[in-house]
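Let me begin by presenting the structure, written as structure tokens, before commenting on it.
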Amino acid sequence: MAETVAGFPPPLDRRPTKAELLTYVGATVADLLPDPLRLLFVGINPGLWTAAVDAHFARPGNRFWPALHRAGILPHVVDVSRGMAAADRALLVDRGIGITNMVPVASARADELTREQVRAGAQRLVELVNERNPRVVAVLGVTSYRTAFARPRTRTGLQEDPPPGVRADGPQWWVLPNPSGLNAHDTVDSLAAAYRRAAVAAGVLPVTGADARSPVGARPGDHPSDAPGTPAE
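The sequence shown begins at 384 in the numbering used here and counts up one residue at a time.
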């Protein structure tokens, strides 16, 4: 996955220092796009720690990986704080799980992005989805989705009306809670429950009795906006 981008230091294979993190402002992180692609998770944008080690959701305290394990999507909690191991990458690829970002450039906090950057990122995402055609797109963060697609009333859950420009035979679109540790409205358990529903819809996980009682097509639910100052992915 790792790529050395002109003007930025190469990815690290250890925990970065605070000084090193600042050298990755504006860096990009490669998408993880297996073929076939069943479930595509979409972060807001890469955080500096993520850019430093070239691994998505790498900052300690982010609950993305613990939630995937709790949901039964992965067999163990993946630790990418020093980069992603080849075996862990293979776990995702074998399950058809991909990861991208609404905006590809790294920043310390998601609220450093301009509205124009987020809107441009939305167009990029639609083009990527139309090209790769996953079964499910799961956008992690209702506030970023509202901004990206100019839909201020969006609620979390399965979206009945996909974003404009998406191909007619395209995937389901889900808006799910942001896994940042600053999102105090959610726990690892509630994140896991939300992510599991999307994984079942994508065919990554089989339907169980519990899933049947909580159908994947449940209406979008009320959910608070992302926490102010949420760190970038």
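Every residue, glycine too, gets a C-beta built ideally from N, C-alpha and C.
**OP:** Give the range of the beta strand (DSSP E) segment to which residue 615 is assigned.
**Re:** Translated into the one-based positions of the sequence shown, residue 615 becomes position 232. Run containing residue 615: none; DSSP gives neither H nor E here.
Subject >> Length-filtered (4 minimum) alpha helix (DSSP H) runs lying within the region 497-555 >> reply: 498-515, 525-531
Subject >> Status (buried if at least 16 other CB within 10 Å, exposed otherwise) for residue 567 >> reply: The residue given as residue 567 occupies position 184 in the sequence shown. The residue in question, residue 567, is exposed, as its Cβ has fewer than 16 Cβ neighbours within 10 Å.
Subject >> Completely contained alpha helix (DSSP H) runs for the region 425-512, where each covers 4 or more residues >> reply: 431-436, 447-453, 469-478
Original post:
Are the beta-carbon atoms of residue 559 and residue 522 separated by less than 8 Å?
Top reply: Counting from one through the sequence shown, the residue named residue 559 turns up at place 176. Counting from one through the sequence shown, the residue named residue 522 turns up at place 139. Yes; because the gap between Cβ atoms is below 8 Å, this pair is in contact.
Original post:
Is residue 479 closer than 8 Å to residue 420 when the C-beta atoms are compared?
Top reply: As a first step, residue 420 is located in the sequence shown; it is residue number 37 there, counting from the start. As a first step, residue 479 is located in the sequence shown; it is residue number 96 there, counting from the start. In contact: residue 420 and residue 479 (Cβ atoms closer than 8 Å).
**OP:** Apply the 10 Å Cβ neighbour rule to residue 495 and answer buried if 16 or more other Cβ atoms are within range, or exposed otherwise.
**Re:** Along the sequence shown, one-based indexing puts residue 495 at 112. Exposed, by the Cβ-count rule.
Subject >> Enclosing alpha helix (DSSP H) for residue 407 [first to last residue] >> reply: By 1-based counting over the sequence shown, the position of residue 407 is 24. Premise fails: residue 407 is in no alpha helix (DSSP H) and is neither H nor E.
Original post:
How do the region 427-435 and the region 448-461 stand: do at least 3 beta-carbon pairs fall below 8 Å, yes or no?
Top reply: no
Original post:
Is residue 531 close to chain C, meaning its C-beta is less than 8 Å from at least one C-beta of that chain?
Top reply: Absent from the structure: chain C. Only one protein chain is present.
**OP:** Would you check if the distance between the CB atom of residue 547 and the CB atom of residue 512 is smaller than 8 Å?
**Re:** Position 164 of the sequence shown, counted from the first residue, corresponds to residue 547. Position 129 of the sequence shown, counted from the first residue, corresponds to residue 512. The answer is no: Cβ separation not under 8 Å.
Original post:
Is it right to say residue 468 is buried, meaning 16 or more other beta carbons lie within 10 angstroms of its own, or is it exposed?
Top reply: Here residue 468 refers to the residue found at position 85 when the sequence shown is read from its first residue. Its Cβ having fewer than 16 others within 10 Å, residue 468 is exposed.
Original post:
Hey, how far is the Cα of residue 498 from the Cα of residue 492?
Top reply: Translated into the one-based positions of the sequence shown, residue 498 becomes position 115. Translated into the one-based positions of the sequence shown, residue 492 becomes position 109. Cα-Cα distance, rounded: 14 Å.
Subject >> Alpha-carbon to alpha-carbon, residue 402 and residue 543 >> reply: The sequence position of residue 543 within the sequence shown is 160, counting from 1. The sequence position of residue 402 within the sequence shown is 19, counting from 1. Straight-line Cα distance between these residues: approximately 45 Å.
Subject >> DSSP beta-bridge partners of residue 395 >> reply: Here residue 395 refers to the residue found at position 12 when the sequence shown is read from its first residue. According to DSSP, residue 395 bridges with nothing at all.
Original post:
Starting from residue 572 and walking both ways along the alpha helix (DSSP H), at which residues does that stretch end?
Top reply: In the sequence shown, the residue the question calls residue 572 occupies position 189. It spans 571-585 - the alpha helix (DSSP H) in which residue 572 sits, taken as one unbroken run.
**OP:** Within its chain, find whatever has a CB closer than 7 Å to the CB of residue 441; leave out the 5 residues flanking it on each side and keep chain order.
**Re:** Looking up residue 441 in the sequence shown gives position 58. Answer for residue 441: 432, 433, 463, 464, listed in chain order.
Original post:
What does a CB cutoff of less than 7 Å around residue 461 pick up in its chain, not counting 5 residues either side in sequence?
Top reply: Along the sequence shown, read from residue 1 onward, the residue named residue 461 stands at position 78. Excluding residues within five positions, the ones whose Cβ falls inside 7 Å are 448, 471.
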